[in-house]
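Colleague: The opening position of the sequence shown corresponds to residue 22 in the numbering used here, with each subsequent residue numbered one higher.
Using N, Cα and C, we set each Cβ at its ideal position, and we do this for glycine too.
Structure provided below as structure tokens; questions to follow.
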Amino acid sequence: FRSSSLSAETVVVYHNLYGATKKFNDYLSKGLSIEFPKLDILSVRPGGVESSLSQIKNDFFTATSPENCAKGIFNDLGYEIETHGFWWHEVNSYLFKLFPEFILAFISEKAMAKVIKNRKARTIYYAFWRGLLSVLRST
């Protein structure tokens, strides 16, 4: 398994590094599955999964339970090179592809701005980037 995410499919504003690593995982998994057809290599690109880390609640439209996601992943293992784990996340993936990137980026920015505003991590996030920029400027 290589865990990716729906973030590999579209830009998630304020999570660029996260999305880039997910895109890399997706690309690597698909490439390896073609190069080594006798191995079961599956790119896993779920949407939201309810967990204490994600702080997402299982409300069907945005998230699923870890059990539902795992069940879907194991059902696809050996038959597919990519999965979203849960059928609704697959539908979301196709819906994302219907919209131009700039619209998805606009929606993402508005949604993530609310998340960042509501989290104490916002301060840490900006402090990190300010610190990184000051290091880059000094070199």
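Rounded to the nearest angstrom, what separates Tyr115 and Asp97 at their Cα positions?
Modeller: As a working note, residue 115 is residue 94 in the sequence shown. As a working note, residue 97 is residue 76 in the sequence shown. Rounded to the nearest angstrom, the gap between the Cα atoms of Tyr115 and Asp97 is 18 Å.
Colleague: Which of the three DSSP states is assigned to Gly69 in this structure?
Modeller: On the sequence shown, residue 69 is found 48 positions in, with the first residue counted as 1. In this structure, Gly69 counts as strand in the three-state DSSP scheme.
Colleague: Whole angstroms is fine: what's the gap from Lys131's alpha carbon to Ile124's?
Modeller: To locate residue 131, count along the sequence shown from 1; it is residue 110. To locate residue 124, count along the sequence shown from 1; it is residue 103. So the two alpha carbons sit approximately 11 Å from each other.
Colleague: Is DSSP giving Thr104 helix, strand or coil here?
Modeller: As a first step, residue 104 must be located in the sequence shown, where it is residue number 83. Three-state result, Thr104: strand.
Colleague: Using the DSSP secondary-structure output, state which residues sit across from Thr85 in a beta bridge.
Modeller: Indexing the sequence shown from 1 puts residue 85 at position 64. According to DSSP, Thr85 bridges with Val70.
Colleague: Quick check on Val156: buried or exposed, where buried means 16 or more other Cβ atoms within 10 Å of its Cβ?
Modeller: Working through the sequence shown from its first residue, we reach residue 156 at position 135. Exposed is the call here.
Colleague: Starting from Ala48, trace the alpha helix (DSSP H) both ways and give me its first and last residue.
Modeller: Along the sequence shown, one-based indexing puts residue 48 at 27. Per the sequence shown, the amino acid found at residue 48 is Tyr instead of Ala. Note, Tyr48: alpha helix (DSSP H), 37-56.
Colleague: Would you mind giving the Cβ-Cβ distance between Lys51 and Ser64, rounded to the nearest angstrom? I have them listed as a contact below 8 Å.
Modeller: Here residue 51 refers to the residue found at position 30 when the sequence shown is read from its first residue. Here residue 64 refers to the residue found at position 43 when the sequence shown is read from its first residue. So it is a contact: roughly 6 Å between Cβ atoms.
Colleague: CA-CA distance, Arg23 and Phe57?
Modeller: Counting from one through the sequence shown, the residue named residue 23 turns up at place 2. Counting from one through the sequence shown, the residue named residue 57 turns up at place 36. No answer about Arg23 holds up, because its pLDDT of 47 lies below 50 and its placement is not dependable.
Colleague: According to DSSP, simplified to helix, strand and coil, what is Lys59?
Modeller: Taking the first residue of the sequence shown as 1, we reach residue 59 at position 38. Lys59: coil per DSSP, three-state reduction.
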